[in-house]
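S.K.: One line per chain: the protein sequences are A and B, in this order. First residue of the first sequence: 1, per this note's numbering; consecutive thereafter. First residue of the second sequence: 1001, per this note's numbering; consecutive thereafter.
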Amino acid sequence: MNSSMRMLASVSLLAVATSVASPALAAGTASGTPITNTVSVDFRVGGVNQNQVTASDTFTVDRKINLTVAEVGSTTTSVSPGQATAVTAFTVTNVSNATLDLAIAATQLSGGTSAHGGTDNFDATALGIFVDTNTNGAYDAGTDQAMSYLDQVAADASRTVFVVGNIPLGRATNDVAGVRLSATAREGTAAGSLGAAITETSGANTTGVDTVFADTNANGNTARDGIHFAVDDFTVLAANLSATKTSRIISDPFNNTTNPKMIPGAVVEYCVAVTNAAGSALATNVSISDTLPGTTTFDSSFGILVNGTVTSGTCNADGTAGGSHASGVVSGTLSDIAAGVTRTVVFRVTVN
Amino acid sequence: MKKILLALFALLLPVAAQAAGSVSLVSEVFVERTETNADGRSVTTRAEPDMVVPGDNLVFVLNYRNDGAEPATDLVLTNPVPDSVSFSGTDDASAVVSVDGGETWGALAALTVAGADGASRPAQAADVTHIRWVLSQPVPQGGAGELSFRGVVK
């Protein structure tokens, strides 16, 4: 018994200890392994021990081709419109009892229900397939290598494969791009190149090593075709901003603040309110730019208040000083706006 | 041509032991498959082990025959379970098994093995390393018998 056989034996003992009902390993006895059964009989004739008689029978374990593709995790990959390098991961496992090359292809769904209930309605662009070269489970641009096949995957071994694409601008929340990753069993005899296609042994059995496809029809797959696929998807979570601008008269030179009228010299307060709709992505780097009417003058004594709140449609005077004014244009940058939150920019002008 | 065919048959046939004593022995293996036929009934077939993959059910059949002129007594047939096969039982209640490489023998229910935590637990079919039949009756001249057990390709 060599060391690898000893390891096999100890592994199978472990399997017995944990799950007695299923003695077989996922891949099982390697293809081409001879199994010899030997029986012996001891007996006596006329009360005298005779020589032991033995008999044996040997057969060869054939090649069972089985592979699985599964998405990593059980949720969609949330993406932003315009996002570059959106990543979804799959695990490709060789459950055969022989080493195989696995040809890998990614295709986009064309409509229909995707992996997580959404309806596929757009395609990611510049789709690429990468293997987790440094086996850290995360996509590392420049490190994880683009590929179209997995070279010489041993029995029971699995690899993590990333499908990477760009998300077009302009997609709305809950838009879905479904991606299907398929793996096809190929001969794994030579390193560094994709092996030949594999066909099942057809017709009569042979005494040599035959090939049997044993992949299942799980998740819409076709059983026993040497191909297995899984679907995962990108779901857009966009920010959904809307802006409203309101104004109110603060005072005029004659009535002051009591029932002021819109006459020259009156002070008018503008409020620009930016709302991110409920269920949207966090909006960042939101900036406001407002060109003042030519008949008004910016009130620099009041200044600009940013990040104020709105109550029942009315802007509150609770912002903090910020923003800037130059050449009749008021600018303000808001803090990040979470879903369902409104932030304001408030400033005043005088009517010329 | 006939000669070649015969030679091929000789290769295909299980190896029969030389009758060194007076008892001959033949070991054969079959693959047992259960399929559902068109009527929805499950049909079990036995085939030569040409197409065998992990998970297949095997039936090991042992045939013995007394070719000698005298009755043979105290027959003990011993069959180690092959490494890549997991024992899954025998229909023959007279068989005894070993779970420790042939050191101790008994009915499976009476045997124990050390579990992963070192504690002893009841032995399971998959723990069996050897199976043995001890024949209490002499086998008369020309007398023969067939014994069998089952296993699964690991």
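Where a beta carbon is used, it is the ideal one built from N, C-alpha and C, also for glycine. Predicted, not measured: the structure shown is a model, and the values here were computed from it.
Grab the span of the beta strand (DSSP E) containing T275 (chain A) for me, first residue to last.
M.R.: By 1-based counting over the first sequence, the position of residue 275 (chain A) is 275. Segment 267 to 276, the beta strand (DSSP E) holding T275 (chain A).
S.K.: Just how far apart, CA to CA, sit G294 (chain A) and S331 (chain A)?
M.R.: Position 294 of the first sequence, counted from the start, is the residue given in the question as residue 294 (chain A). Position 331 of the first sequence, counted from the start, is the residue given in the question as residue 331 (chain A). When rounded, the distance between both Cα atoms is 16 Å.
S.K.: I'd like to know whether the C-beta of V1153 (chain B) is nearer than 9 Å to at least one C-beta of chain A.
M.R.: Locating residue 1153 (chain B) in the second sequence gives position 153, where the first residue counts as 1. By this cut-off, V1153 (chain B) is an interface position.
S.K.: Quick test of your reading: A177 (chain A) and D233 (chain A), contact by CB under 8 Å. State the CB separation rounded to the nearest angstrom.
M.R.: In the first sequence, the residue the question calls residue 177 (chain A) occupies position 177. In the first sequence, the residue the question calls residue 233 (chain A) occupies position 233. That pair is a contact at about 6 Å.
S.K.: Within 10 Å of its beta-carbon, does A1047 (chain B) have 16 or more other beta-carbons around it, so buried, or fewer, so exposed?
M.R.: On the second sequence, residue 1047 (chain B) is found 47 positions in, with the first residue counted as 1. A1047 (chain B) comes out exposed.
S.K.: Do the region 1085 to 1101 of chain B and the region 1131 to 1140 of chain B touch if we need at least three Cβ pairs shorter than 8 Å?
M.R.: Contact between the region 1085 to 1101 of chain B and the region 1131 to 1140 of chain B is present, because at least three Cβ pairs lie under 8 Å.
S.K.: Check the Cβ of N94 (chain A) against every Cβ in chain B and list those closer than 9 Å, keeping chain order.
M.R.: The residue given as residue 94 (chain A) occupies position 94 in the first sequence. Under the 9 Å cutoff, chain B gives no residues; its nearest Cβ is about 13 Å from N94 (chain A).
S.K.: From what residue to what residue does the beta strand (DSSP E) around Q1141 (chain B) run?
M.R.: Counting from 1 along the second sequence, the entry for residue 1141 (chain B) is found at position 141. From DSSP, Q1141 (chain B) is part of no beta strand (DSSP E); its letter is neither H nor E.
S.K.: With 9 Å as the C-beta to C-beta threshold (strictly closer), list the residues of the region 192 to 206 of chain A near chain B in chain order.
M.R.: Against chain B - using a Cβ distance shorter than 9 Å - the residues of the region 192 to 206 of chain A are T201, A204, N205, T206.
S.K.: If the criterion is Cβ atoms closer than 9 Å, does the pair N1066 (chain B) and G1115 (chain B) meet it?
M.R.: For the purposes of this step, residue 1066 (chain B) is identified with residue 66 of the second sequence, where counting begins at 1. For the purposes of this step, residue 1115 (chain B) is identified with residue 115 of the second sequence, where counting begins at 1. Not closer than 9 Å, so no.
S.K.: Along the chain, which unbroken stretches of the beta strand (DSSP E) at least 3 residues long are found entirely within the region 228 to 316 of chain A?
M.R.: The region 228 to 316 of chain A contains these whole beta strand (DSSP E) runs: 241 to 251, 267 to 276, 286 to 291, 296 to 298, 304 to 308.
S.K.: Any contact of the region 299 to 307 of chain A with the region 329 to 347 of chain A, i.e. 3+ C-beta pairs under 8 Å?
M.R.: They touch, by the three-pair rule.
S.K.: Count the C-beta pairs between the region 202 to 213 of chain A and the region 252 to 268 of chain A that are closer than 8 Å, then say yes if the count reaches three, no if not.
M.R.: These segments do not touch.
S.K.: Does the Cβ of G128 (chain A) lie closer than 8 Å to at least one heavy atom of the ligand GTP?
M.R.: Here there are no bound small molecules, and the ligand GTP is not part of this structure.
S.K.: Would you report the Cα separation of S1086 (chain B) and S158 (chain A), rounded to the nearest angstrom?
M.R.: Counting from one through the second sequence, the residue named residue 1086 (chain B) turns up at place 86. Counting from one through the first sequence, the residue named residue 158 (chain A) turns up at place 158. Taking the straight line joining both Cα atoms gives about 25 Å.
S.K.: Using CA atoms only, rank isn't needed, just tell me which of A:T275, A:L334, A:S148 is closest to T311 (chain A).
M.R.: For the purposes of this step, residue 311 (chain A) is taken as the residue at position 311 of the first sequence. Residue A:T275 is the option with its Cα nearest to T311 (chain A).
S.K.: Can you pull the chain A residues whose beta carbon is under 8 Å from the beta carbon of N1079 (chain B), in chain order?
M.R.: For this step, residue 1079 (chain B) is matched to residue 79 along the second sequence. Ordered by position in chain A, the residues that pass the 8 Å Cβ test against N1079 (chain B) are N37, T38, V39, S40.
S.K.: Is the beta carbon of D210 (chain A) less than 9 Å from the beta carbon of N66 (chain A)?
M.R.: For the purposes of this step, residue 210 (chain A) is identified with residue 210 of the first sequence, where counting begins at 1. For the purposes of this step, residue 66 (chain A) is identified with residue 66 of the first sequence, where counting begins at 1. No; because the gap between Cβ atoms is not below 9 Å, this pair is not in contact.
S.K.: Going by alpha carbons, who is nearest to V267 (chain A) out of A:G128, A:N352, A:G117, A:D151?
M.R.: Taking the first residue of the first sequence as 1, we reach residue 267 (chain A) at position 267. For V267 (chain A), the nearest C-alpha among the options comes from A:N352.
S.K.: Alpha carbon to alpha carbon, how far is G188 (chain A) from L1062 (chain B)? Give it in angstroms, no decimals.
M.R.: The count along the second sequence starts at 1 and reaches residue 1062 (chain B) at position 62. The count along the first sequence starts at 1 and reaches residue 188 (chain A) at position 188. When rounded, the distance between both Cα atoms is 38 Å.
S.K.: In whole angstroms, what is the alpha-carbon distance linking A338 (chain A) and V1053 (chain B)?
M.R.: Numbered from its first residue, the first sequence carries residue 338 (chain A) at position 338. Numbered from its first residue, the second sequence carries residue 1053 (chain B) at position 53. Computed Cα separation, rounded: 57 Å.
S.K.: Counting only the same chain and skipping the five closest in sequence on each side, list residues whose C-beta sits under 6 Å from that of G111 (chain A).
M.R.: In the first sequence, the residue the question calls residue 111 (chain A) occupies position 111. So the qualifying residues of the chain are D120.
S.K.: Using a 10 Å radius around the Cβ and a threshold of 16 neighbouring Cβ atoms, would you call A1110 (chain B) buried or exposed?
M.R.: Along the second sequence, read from residue 1 onward, the residue named residue 1110 (chain B) stands at position 110. By the neighbour-count rule (16 or more Cβ atoms within 10 Å), A1110 (chain B) is not buried but exposed.
S.K.: With distances taken Cα to Cα, identify the nearest neighbour of Q83 (chain A) among A:T38, A:V48, A:A154, A:A172.
M.R.: Reading the first sequence from its first residue, position 83 is the one you call residue 83 (chain A). Closest option to Q83 (chain A), Cα to Cα, is A:A172.
S.K.: DSSP beta-bridge partners for V176 (chain A)?
M.R.: The residue you call residue 176 (chain A) lines up with position 176 of the first sequence. V176 (chain A) is bridged to A:D120, A:T235.
S.K.: Is it right to say T1036 (chain B) is buried, meaning 16 or more other beta carbons lie within 10 angstroms of its own, or is it exposed?
M.R.: Residue mapping note: residue 1036 (chain B) aligns to position 36 of the second sequence, counting from 1. Exposed, because fewer than 16 other Cβ atoms sit within 10 Å of the Cβ of T1036 (chain B).
S.K.: Could you confirm whether any beta carbon from chain A is found closer than 9 Å to the beta carbon of A1110 (chain B)?
M.R.: Within the second sequence, numbered from 1, the residue matching residue 1110 (chain B) stands at position 110. No, no contact with chain A.
S.K.: Would S56 (chain A) pass as an interface residue toward chain B - the criterion being a Cβ-Cβ separation below 9 Å?
M.R.: Residue 56 (chain A) sits at position 56 when you count from the first residue of the first sequence. Yes, because at least one Cβ of chain B sits closer than 9 Å to the Cβ of S56 (chain A).
S.K.: Quick check on DSSP: helix, strand or coil for G220 (chain A)?
M.R.: For the purposes of this step, residue 220 (chain A) is identified with residue 220 of the first sequence, where counting begins at 1. If DSSP states are grouped into helix, strand and coil, G220 (chain A) belongs with the helices.
S.K.: In whole angstroms, what is the alpha-carbon distance linking A55 (chain A) and Y1064 (chain B)?
M.R.: Taking the first residue of the first sequence as 1, we reach residue 55 (chain A) at position 55. Taking the first residue of the second sequence as 1, we reach residue 1064 (chain B) at position 64. Near 10 Å, if we compare the C-alpha coordinates of Y1064 (chain B) and A55 (chain A).
S.K.: For chain A, find out if any of its Cβ atoms is closer than 9 Å to the Cβ of E1028 (chain B); answer yes or no.
M.R.: Counting from 1 along the second sequence, the entry for residue 1028 (chain B) is found at position 28. Yes, contact with chain A.
S.K.: Report yes or no: is there a C-beta of chain B within less than 9 Å of the C-beta of A214 (chain A)?
M.R.: The residue given as residue 214 (chain A) occupies position 214 in the first sequence. So yes, A214 (chain A) belongs to the interface.
S.K.: Taking DSSP's pairing of strands, which residues face L102 (chain A) in a bridge?
M.R.: Here residue 102 (chain A) is taken as the residue at index 102 of the first sequence, counted from 1. Bridge partners of L102 (chain A): A:L150, A:A185.
S.K.: At which residues does the beta strand (DSSP E) containing L194 (chain A) begin and terminate?
M.R.: The count along the first sequence starts at 1 and reaches residue 194 (chain A) at position 194. No beta strand (DSSP E) holds L194 (chain A); DSSP gives it neither H nor E.
S.K.: Could you give the distance in angstroms between the alpha-carbon of V1139 (chain B) and the alpha-carbon of R1041 (chain B)?
M.R.: Walking along the second sequence from the start, residue 1139 (chain B) turns up at place 139. Walking along the second sequence from the start, residue 1041 (chain B) turns up at place 41. C-alpha separation (whole angstroms): 40 Å.
S.K.: Out of curiosity, what's the CA-to-CA distance linking N1079 (chain B) and V39 (chain A)?
M.R.: Taking the first residue of the second sequence as 1, we reach residue 1079 (chain B) at position 79. Taking the first residue of the first sequence as 1, we reach residue 39 (chain A) at position 39. Spanning the two alpha carbons is a distance of roughly 4 Å.
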